Amino acid sequence: MKRELVAQLERLVPRFDEMLAQAAAPEELEAARVAFLGRKGELAALMARMGELAVDDRPEVGRVANAVKAKLTELWQQAQQRMLPRPEGAYFDAGEPGWVPDVGALHPTTLIQQEICAVLQRLGFETVSGPEVETDFHNFEALNLPPGHPARDMQDTLYITERILLRTHTSPMQVRTMLARRPPLAIIAPGKVYRRDSDLTHTPMFHQIEGLLVDRHVTMAQLRGVLTALVQAIFGPSTRVRFRPSFFPFTEPSAEVDMSCVLCTGRGVLESGELCRVCKGTGWVEILGCGMVDPAVFAQVGIDAAVWSGFAFGLGVERIAMLKYGIGDLRLFFENDTRFVRQFA
Ligand code: PHE
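With our numbering, letter number 342 in the sequence shown gets 342, and the count goes up by one each step, no holes.
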């Protein structure tokens with residue numbers, strides 16, 4: 001009794017499926033539904049026979065009946081879907097143009113980084129790269145930033161362990177290069193740097209390019225010459241460069257470098273008479289930090305400061321890209337919008 005009822009219930013599924021497959025019109029679908037799922041349909045008739053079962057057998061057969069009902073309902077819904085009129089234009093048109101993939105382009109950060117590196121390579125600098133996960137020694141200690149220096153504060157630095165961190169600048173590449181080779185040397189090191197900083201004008205990751213030249217009798221005039229050549233190659237020959245005294249623990253003397261403002265060409269006011277918003281009316285914008293390698297750094301890497309001297313500089317790539325391409329909002333660099341990057345293709 002029980003087995004027979006289960007078998008009949010299960011047979012409903014293929015039988016209903018076949019009937020639906022043969023239905024050619026909505027009325028035939030409806031007839032199939034009434035015959036199987038209707039109040040006086042086959043499923044209802046079989047379920048009415050549950051009362052004839054031994055009480056112990058009822059739960060199991062009830063579960064089969066419920067599963068069959070769910071399956072029949074699903075088959076009927078699928079059949080209805082197949083029967084729906086196709087919406088306008090949903091036919092296959094072999095002549096229609098294909099799907100065009102969303103093609104990107106080189107990011108402005110990449111473009112300006114390549115351009116800056118190309119200029120400096122022509123001047124004789126060799127490109128090197130190194131780790132973004134750095135030791136405290138390379139990022140701070142060898143750069144004359146001893147324990148307790150405010151720049152090492154947890155507030156500014158993303159630490160991994162007490163001695164391992166995400167580099168906060170590309171300057172550790174000065175240390176790595178001077179430990180690995182002997183002067184004379186001239187390198188640039190582009191790459192990502194990380195700081196615990198996030199607002200409209202700061203992102204936790206950005207790009208820098210480090211420069212380092214070590215040779216005999218290196219002067220600040222040579223540093224100025226290299227940076228002037230670089231700025232004029234990127235922004236045009238009439239761009240002016242000025243040095244302002246500054247401080248970095250790893251250079252002495254140190255300077256911050258400004259270039260004449262690209263938007264107002266150094267006048268501080270626009271043609272319209274408005275105050276220039278890029279340089280805030282000063283005519284100058286800061287672009288990098290630099291200086292002469294501090295003898296304390298040479299001592300850390302075993303280079304004789306009595307024989308060798310050098311200069312170093314570090315510039316922010318996004319900042320240069322914003323000035324070069326007139327990008328007003330730093331966040332655009334990190335939103336991965338292909339409409340943004342394609343403008344620079
Ligand atoms: N590392 C410095 C910074 O991130 C920039 C710098 C590099 C200054 C090299 C001097 C020499 O601010």
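Even glycine gets a Cβ: it sits at the ideal position worked out from N, Cα and C.
Here the structure is a predicted model, which means the values were calculated and not measured.
| field | With 16 other Cβ atoms within 10 Å as the buried cut-off, status of Thr-251 | value | Position 251 of the sequence shown, counted from the start, is the residue given in the question as residue 251. Around the beta carbon of Thr-251, 16 or more other beta carbons sit within 10 angstroms, so the residue counts as buried.
| query | For the ligand PHE, is there a heavy atom less than 8 Å away from the beta-carbon of Thr-168? | reply | As a position in the sequence shown, residue 168 is number 168, starting the count at 1. True, at least one ligand heavy atom lies under 8 Å from that Cβ.
| So who's on the other strand from Pro-190, going by DSSP bridges? | Within the sequence shown, residue 190 is the residue found at index 190, counting from 1. In DSSP, Pro-190 forms a bridge with Ile-209.
| task | Using beta-carbon positions only, say whether Asp-57 and Met-1 come within less than 9 Å of one another. | result | Here residue 57 is taken as the residue at index 57 of the sequence shown, counted from 1. Here residue 1 is taken as the residue at index 1 of the sequence shown, counted from 1. Yes, the pair counts as a contact, with Cβ atoms nearer than the cut-off.
| said: Looking at Val-241: is its Cβ nearer than 9 Å to the Cβ of Ser-260? | reply: Sequence index remark: in the sequence shown, residue 241 carries index 241 (1-based). Sequence index remark: in the sequence shown, residue 260 carries index 260 (1-based). Taking 9 Å as the Cβ cut-off, Val-241 and Ser-260 qualify as a contacting pair.
| said: Taking only three categories from DSSP, how would you classify Glu-126? | reply: Sequence index remark: in the sequence shown, residue 126 carries index 126 (1-based). In the structure shown, Glu-126 sits in a strand (DSSP, three-state: E or B).
| query | Shortest alpha-carbon distance to Ile-303 belongs to which of Val-214, Gly-314, Asp-258, Thr-201? | reply | As a position in the sequence shown, residue 303 is number 303, starting the count at 1. Checking every option, the nearest Cα to that of Ile-303 belongs to Val-214.
| task | Look at the alpha carbon of Ala-296 and the alpha carbon of Leu-143, and state the distance between them as a whole number of angstroms. | result | Here the question's residue 296 lines up with position 296 in the sequence shown. Here the question's residue 143 lines up with position 143 in the sequence shown. Going by the C-alpha atoms only, they are around 8 Å apart.
| query | If you draw a straight line from the C-alpha of Phe-243 to the C-alpha of Val-226, how long is it? | reply | The residue given as residue 243 occupies position 243 in the sequence shown. The residue given as residue 226 occupies position 226 in the sequence shown. In a straight line, the C-alpha of Phe-243 is about 13 Å away from that of Val-226.
| message | Using 9 Å as the threshold, is the C-beta distance between Glu-115 and Ala-186 below it? | response | Position 115 of the sequence shown, counting from 1, holds the residue named residue 115. Position 186 of the sequence shown, counting from 1, holds the residue named residue 186. For Glu-115 and Ala-186, no; Cβs fall outside 9 Å.
| task | Please name the residue or residues paired with Gly-310 in a DSSP beta bridge. | result | Taking the first residue of the sequence shown as 1, we reach residue 310 at position 310. Answer by DSSP bridge pairing, in chain order: Val-214.
| message | Let me check understanding here. Comparing Cα to Cα, which of Arg-181, Ile-234, Gly-130, Ala-21 lies closest to Ile-287? | response | As a position in the sequence shown, residue 287 is number 287, starting the count at 1. It is Ile-234 whose Cα lies nearest to the Cα of Ile-287.
| message | Determine whether the beta carbon atoms of Met-322 and Gly-310 lie at a separation below 9 Å. | response | Here residue 322 refers to the residue found at position 322 of the sequence shown. Here residue 310 refers to the residue found at position 310 of the sequence shown. Not a contact, by the Cβ cut-off of 9 Å.
| task | State the beta-bridge partners of Ala-255 as determined by DSSP. | result | By 1-based counting over the sequence shown, the position of residue 255 is 255. For Ala-255, which the question treats as bridged, DSSP gives the partners Pro-245, Cys-290.
| beta strand (DSSP E) containing Glu-162: first to last residue? | Translated into the one-based positions of the sequence shown, residue 162 becomes position 162. If you look at Glu-162, you'll find it isn't in any beta strand (DSSP E); DSSP assigns it neither H nor E.
| request: State the DSSP-derived secondary structure class of Leu-166, mapped to helix, strand or coil. | output: For this step, residue 166 is matched to residue 166 along the sequence shown. In the structure shown, Leu-166 sits in a strand (DSSP, three-state: E or B).
| query | So, using beta-carbon positions, are Phe-165 and Asp-136 closer together than 9 Å? | reply | Sequence index remark: in the sequence shown, residue 165 carries index 165 (1-based). Sequence index remark: in the sequence shown, residue 136 carries index 136 (1-based). Strictly speaking, residue 165 in this sequence is Leu, with Phe absent from that position. Their beta carbons are under 9 Å apart, which means Leu-165 touches Asp-136 by this criterion.
| task | Reducing DSSP to helix, strand and coil, say where Asp-199 ends up. | result | On the sequence shown, residue 199 is found 199 positions in, with the first residue counted as 1. Looking at Asp-199 - three-state DSSP - the assignment turns out to be strand.
| task | Answer yes or no: the CB of Thr-251 versus the heavy atoms of the ligand PHE, is any distance below 8 Å? | result | Position 251 of the sequence shown, counting from 1, holds the residue named residue 251. Yes, Cβ of Thr-251 sits closer than 8 Å to a heavy atom of the ligand PHE.
| task | Determine the burial state of Asn-139: buried for a count of at least 16 other Cβ atoms within 10 Å of its Cβ, exposed for fewer. | result | The residue labelled residue 139 in the question sits at position 139 within the sequence shown. Label assigned to Asn-139: buried.
| message | Do Ala-70 and Leu-9 have their beta-carbon atoms positioned less than 9 Å apart in this structure? | response | Position 9 of the sequence shown, counted from the first residue, corresponds to residue 9. Position 70 of the sequence shown, counted from the first residue, corresponds to residue 70. Not a contact, by the Cβ cut-off of 9 Å.
| field | Three-state class that DSSP yields for Leu-20 in the structure shown | value | Within the sequence shown, residue 20 is the residue found at index 20, counting from 1. Correct three-state label for Leu-20: helix.
| Are the beta-carbon atoms of Val-341 and Pro-108 separated by less than 9 Å? | Locating residue 341 in the sequence shown gives position 341, where the first residue counts as 1. Locating residue 108 in the sequence shown gives position 108, where the first residue counts as 1. The answer is yes: Cβ separation under 9 Å.
| request: Go through its chain and collect everything with a Cβ distance to Tyr-325's Cβ below 7 Å, but skip five positions before and after it. | output: Numbered from 1 along the sequence shown, position 325 holds the residue referred to as residue 325. Correct list, in chain order: Pro-108, Phe-344.
| task | Determine the closest residue to Leu-315 out of Phe-298, Gln-208, Thr-161, with distance taken between C-alpha atoms. | result | In the sequence shown, residue 315 corresponds to position 315, counting from 1. Minimum Cα distance to Leu-315 is reached at Gln-208.
| field | Contact belief for Trp-308 with Pro-172 at Cβ below 8 Å, rounded distance in angstroms | value | Position 308 of the sequence shown, counted from the start, is the residue given in the question as residue 308. Position 172 of the sequence shown, counted from the start, is the residue given in the question as residue 172. About 19 Å separates the two Cβ atoms, so there is no contact after all.
| field | Proximal residues to Thr-228 (C-beta, below 6 Å), its chain only, five neighbours per side dropped | value | Here residue 228 refers to the residue found at position 228 when the sequence shown is read from its first residue. Taken in chain order, the residues that qualify are Val-241.
| said: Nearer than 8 Å: is that true of the beta carbon of Cys-290 relative to any heavy atom of the ligand PHE? | reply: In the sequence shown, the residue the question calls residue 290 occupies position 290. Answer for Cys-290: yes, Cβ within range of the ligand PHE.
| query | Should Val-231 be counted as a contact of the ligand PHE given a C-beta to heavy atom distance under 8 Å? | reply | In the sequence shown, the residue the question calls residue 231 occupies position 231. Result no, Cβ not under 8 Å from the ligand PHE.
| message | Tell me the rounded alpha-carbon separation between Ala-118 and Leu-111. | response | Translated into positions along the sequence shown, residue 118 becomes position 118. Translated into positions along the sequence shown, residue 111 becomes position 111. Cα to Cα, Ala-118 sits roughly 11 Å from Leu-111.
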